[in-house]
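Structure first, commentary second.
Numbering (the working numbering), first residue to last: 6 to 74.
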């Protein structure tokens with residue numbers, strides 16, 4: 006886990022910056038990172054905010070991550 010990259014992922018998904026999301030993930034951000042104490046994961050936050058492209062990307066990464074482990 007990379008705390009700085011995780012926080013960037015949360016911030017950029019919320020902002021809708023696709024390129025920055027890609028950079029945060031490339032830097033080791035966890036696609037399962039939680040957004041806040043009661044808000045759930047970055048995936049849930051993306052879905053809640055209508056960022057469906059990010060939802061697909063994050064789901065793919067979570068599934069692939071589970072297969073690789």
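No residue lacks a Cβ here, since even glycine has one placed at the ideal position from N, Cα and C. Quick caveat: nothing in here was measured; it's all calculated off a predicted structure.
Does DSSP put residue i in a helix, a strand or coil?
i, result
"residue 38", "coil"
What are the boundary residues of the alpha helix (DSSP H) that residue i is part of?
i, result
"residue 8", "8 to 20"
"residue 27", "23 to 31"
"residue 53", "47 to 53"
Quick one: measure Cβ to Cβ for residue i and residue j, integer angstroms, because I've assumed they're closer than 8 Å.
i, j, result
"residue 11", "residue 38", "4 Å"
If we cut at 7 Å on Cβ distances, does residue i have a partner in chain C?
i, result
"residue 10", "Given the protein chain composition of this structure (a single chain), no chain C is represented."
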